[in-house]
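Novice: In the numbering used here, the protein residues as written are 10 to 86. Right, I'll just put the structure down here and ask away after.
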């Protein structure tokens, strides 16, 4: 980053997005753990549930990439 002011401004601007993302990731991980515990095995979890969780993770990763690019462009201004 070009300066400490820029660093602080970009972090303040994008922190809420990453906080929501971290909370969603926590909930997905919790669902995998609880779902596996309730089925007594992670191998017996419903395939639809696993597909939904993996799809959510993919969407989160893609959203993070978009946010990172936007933050980088913002910082360069």
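The beta-carbon is built from N, C-alpha and C at its ideal position, and this holds for glycine as well.
Can you give me the start and stop residues for the alpha helix (DSSP H) that residue 56 sits inside?
Specialist: Within the chain shown, the letter at position 47 stands for residue 56. Counting along the chain, the alpha helix (DSSP H) containing residue 56 begins and ends at 56–85.
Novice: Is residue 59 closer than 7 Å to residue 37 when the C-beta atoms are compared?
Specialist: Counting from 1 along the chain shown, the entry for residue 37 is found at position 28. Counting from 1 along the chain shown, the entry for residue 59 is found at position 50. For residue 37 and residue 59, no; Cβs fall outside 7 Å.
Novice: By how many angstroms is the C-alpha of residue 86 removed from the C-alpha of residue 66?
Specialist: What you label residue 66 is simply residue 57 of the chain shown in a count that begins at 1. What you label residue 86 is simply residue 77 of the chain shown in a count that begins at 1. So the alpha carbons of these two residues sit roughly 31 Å apart.
Novice: Using only alpha-carbon positions, find the residue among 75, 40, 82 that is nearest to residue 27.
Specialist: For the purposes of this step, residue 27 is taken as residue 18 along the chain shown, with counting starting at 1. Closest by alpha carbon: 75.
Novice: Among the candidates 14, 13, 30, whose CA atom is the shortest distance from the CA of residue 72?
Specialist: Along the chain shown, one-based indexing puts residue 72 at 63. Among 14, 13, 30, the Cα nearest to that of residue 72 is on 30.
Novice: Can you grab the Cα-Cα spacing for the pair residue 17 / residue 78, in whole Å?
Specialist: In the chain shown, counting from the first residue as 1, residue 17 sits at position 8. In the chain shown, counting from the first residue as 1, residue 78 sits at position 69. Going from the Cα of residue 17 to the Cα of residue 78 covers about 17 Å.
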